[in-house]
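Accompanying notes for the structure given below.
Numbering (the working numbering), first residue to last: 32 to 202.
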């Protein structure tokens, strides 16, 4: 995967945004657990450092991550990957998850991460930057709209997983 820009210190906070490193896997998994609790989806959680590590840092990584450090502590992460638009005939950047610990929200960390990811998409020549948001998360929806995002009302996410995926693959 293409390299990310060098770490960058943002604003008056002692905040550093940087590409995740192998040493961050445990912290990222902890933040993913917090995100699952916030979204009331812990029943779906299967992530462990051992399961995540090869997908971020193995021979063939399929995703990338960025972390936000505040005074040396990882307090937020974004996990993303390249997708593709057939209509644009260009790759895009898909943000799977962005999570900022509640105690650190409202300090511009989420905004700084979205801006950094948008710059990454532009630098890579991608045609779009997109993500999903839960329909009940009105604070996030308002935040994303303030950042210039359009929440796509006519699109619905479709997903096949677990036993349904196995059944579909077996047809």
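Ideal Cβ placement from N, Cα and C applies to all residues, glycine included.
In this text the structure is predicted, and so the values were computed from the model without any measurement.
Query: Assigned secondary structure, residue 104 (DSSP; H/G/I helix, E/B strand, else coil); Result: strand
Query: For residue 66, the first and last residue of its enclosing alpha helix (DSSP H); Result: 56-69
Query: Cβ contact (3+ pairs, closer than 8 Å) linking the region 63-71 and the region 44-53; Result: no
Query: Check whether residue 143 and residue 75 have beta carbons under 8 Å apart; Result: no
Query: Coil, strand or helix - residue 33 by DSSP; Result: Only weak support exists for where residue 33 lies, its pLDDT of 48 falling under 50; the coordinates are left without a value.
Query: Residues near residue 160 in its chain [Cβ-Cβ closer than 6 Å; skip 5 each side]; Result: 124, 149, 152
Query: Strand pairing of residue 98, partner residues [DSSP]; Result: 49, 108
Query: Sub-8 Å separation of residue 80 and residue 57 beta-carbons; Result: yes
Query: Backbone secondary structure at residue 170 - three-state DSSP; Result: helix
Query: Beta-carbon gap between residue 87 and residue 100 smaller than 8 Å; Result: no
Query: Of the residues 182, 162, 177, the one placed nearest residue 130, counting alpha carbons only; Result: 162
Query: Inside the region 119-201 only - beta strand (DSSP E) runs reaching at least 3 residues; Result: 121-131, 159-162
Query: For residue 117, three-class secondary structure by DSSP; Result: coil
Query: Range covered by the alpha helix (DSSP H) that runs through residue 82; Result: 80-88
Query: For residue 44, the three-state DSSP class (helix, strand or coil); Result: coil
Query: Three-state secondary structure assigned by DSSP to residue 76; Result: coil
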